[in-house]
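Since the structure comes first, as structure tokens, the remarks are kept for the end.
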Amino acid sequence: MEFTPAKLNSFLFFKLPSAFWSGVRVKSILPQSCTVTVKHRWFNQNPFNSMYFAVQAMAAELTTGALVMYQIKNSGKKISMLVANNKGNFTKKAKGRITFVCNDGHLIEETIKVAVATGEGQTLWMKSIGIDEKGDQVSHMEFEWSIKVKL
Numbered sequence: 003m004e005f006t007p008a009k010l011n012s013f014l015f016f017k018l019p020s021a022f023w024s025g026v027r028v029k030s031i032l033p034q035s036c037t038v039t040v041k042h043r044w045f046n047q048n049p050f051n052s053m054y055f056a057v058q059a060m061a062a063e064l065t066t067g068a069l070v071m072y073q074i075k076n077s078g079k080k081i082s083m084l085v086a087n088n089k090g091n092f093t094k095k096a097k098g099r100i101t102f103v104c105n106d107g108h109l110i111e112e113t114i115k116v117a118v119a120t121g122e123g124q125t126l127w128m129k130s131i132g133i134d135e136k137g138d139q140v141s142h143m144e145f146e147w148s149i150k151v152k153l
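One rule links them: number in my numbering = place in the sequence shown (from 1) + 2.
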């Protein structure tokens with residue numbers, strides 16, 4: 003699969019429909035960063051009139067997972083990937099359009115090199131920050147990815 007926002011959003015529609023119907027969309031992907039947005043609306047709200055935490059988690063995870071997929075493809079190796087753990091911190095009600103950004107592409111690139119060189123599974127933590135339209139941070143999410151070279 004080519005890594006463009008349009009291709010990744012198509013992937014969402016077919017493979018992660020709950021994220022797609024909640025409004026999660028990839029806006030950009032580069033070797034070192036990925037940006038995803040989601041807009042608060044009736045369909046993805048909680049009873050407190052803000053975005054449901056799981057929708058924020060889907061968008062944040064996508065910023066990290068898309069980078070993992072991108073770097074695996076660039077490595078040319080068959081590598082499995084799985085979220086092993088996650089942490090989230092919510093600092094403000096998420097209303098309006100929330101933009102999640104992960105700038106940890108360099109971390110996964112280095113971790114893949116180690117996994118390929120050693121043949122052993124590796125883990126790494128990647129973070130994604132959610133910012134609202136006013137520039138205020140609404141959430142900070144971290145995902146521990148486990149990768150392993152397939153034999």
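Note that the Cβ used here is the ideal one computed from N, Cα and C, for glycine as well.
Computed from a prediction, not measured in an experiment: that's the story for all the values here.
Beta-bridge analysis with DSSP links SER130 to MET143.
Residues GLU146 of the same chain have their beta carbon placed closer than 7 Å to that of ASN87, with the five preceding and five following residues left out of the count. Remark: fewer than three beta-carbon pairs, one from each stretch, lie closer than 8 Å, so the stretch 44 to 59 and the stretch 110 to 127 are not flagged as touching. It is roughly 18 Å from the alpha-carbon of LYS9 to the alpha-carbon of ALA62.
Put simply, of GLY137, ILE110, ILE149 and HIS142 the residue whose alpha carbon is nearest the alpha carbon of GLN34 is ILE110. A Cβ-Cβ distance of about 18 Å is found for the pair ALA96 and VAL28, leaving them out of contact under the 8 Å criterion. Within the same chain, and ignoring the five residues on either side of ALA59 in sequence, the residues whose Cβ sits closer than 8 Å to its Cβ are ASN88, GLY90 and MET143. By the Cβ-count criterion, HIS42 is buried, with 16 or more other Cβ atoms from all chains shown falling within 10 Å of its own Cβ.
If you ignore the 5 residues before and after PHE102, its C-beta comes within less than 6 Å of the C-beta of VAL38, ALA61, ALA62, THR65, SER130 and GLY132, all in its own chain and listed in chain order. Collapsing the DSSP output to three states places THR65 in a helix. Restricting attention to beta strand (DSSP E) runs no shorter than 3 residues, the stretch 64 to 108 encloses them at 81 to 92 and 99 to 104, ordered along the chain. In summary, GLY137 is exposed, with fewer than 16 beta-carbon neighbours lying within 10 Å of its beta-carbon over all protein chains present.
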